[in-house]
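Trainee: First the structure, which I've put down as structure tokens, then a few questions once you've had a look.
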Amino acid sequence: METAHLLVKSKSTDSKENQKIADEKVKQIYAEIKTNKLSFEEAVKNYSEDKKTKFQGGVLPALSGSQMLTSYSDAVFALEKDGDYTTPVKTKIGWHIIKRIKKDELLEFNYAKA
Numbered sequence: 001m002e003t004a005h006l007l008v009k010s011k012s013t014d015s016k017e018n019q020k021i022a023d024e025k026v027k028q029i030y031a032e033i034k035t036n037k038l039s040f041e042e043a044v045k046n047y048s049e050d051k052k053t054k055f056q057g058g059v060l061p062a063l064s065g066s067q068m069l070t071s072y073s074d075a076v077f078a079l080e081k082d083g084d085y086t087t088p089v090k091t092k093i094g095w096h097i098i099k100r101i102k103k104d105e106l107l108e109f110n111y112a113k114a
């Protein structure tokens, strides 16, 4: 699965006030994407706190489900088609809004075996 994400950092060790600020921020960003005020890519560029992917549209290396955080992979694999994005998803590092870029289908067993 190829994905892109927007990250708003929020750890369980952060103060309650900082967690609340992050929660409100990601909800506002999601609302702007959902109402087409911003494209997903513009939102990533303007708001993402992932410095490694921020200027690449949030694109992450292709991952299998076993390589992802559980809540992240559950949300990603629930997306039905390329271009869909999730509601905000909480992980141990913060809030993500995740966009499905491409899902590679598994090969048929006999073909893959060869």
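What the sequence shown shows, in this note's numbering, is residues 1 to 114, in sequence order. Ideal placement from N, C-alpha and C gives every residue a C-beta, glycine not left out. None of the values given here were measured: they were computed from a predicted structure.
1) DSSP state of I93, grouped into three classes?
2) For my contact list, I29 and A43 are in at a C-beta cut-off of 8 Å; report their separation, rounded to the angstrom.
3) Please specify which runs of the beta strand (DSSP E), each continuous and at least 3 residues long, are wholly inside the stretch 2 to 65, giving them in chain order.
4) Going straight from the alpha carbon of I101 to that of K16, what length do you get?
5) Ordered along the chain, which non-local residues of its own chain (more than five positions away) have a Cβ less than 7 Å from that of E41?
Mentor: So, from the data block:
1) coil
2) About 5 Å separates the beta carbon of I29 from that of A43, a gap short enough to meet the 8 Å contact definition.
3) Complete beta strand (DSSP E) runs here, min 3: 2 to 9.
4) 34 Å
5) G57
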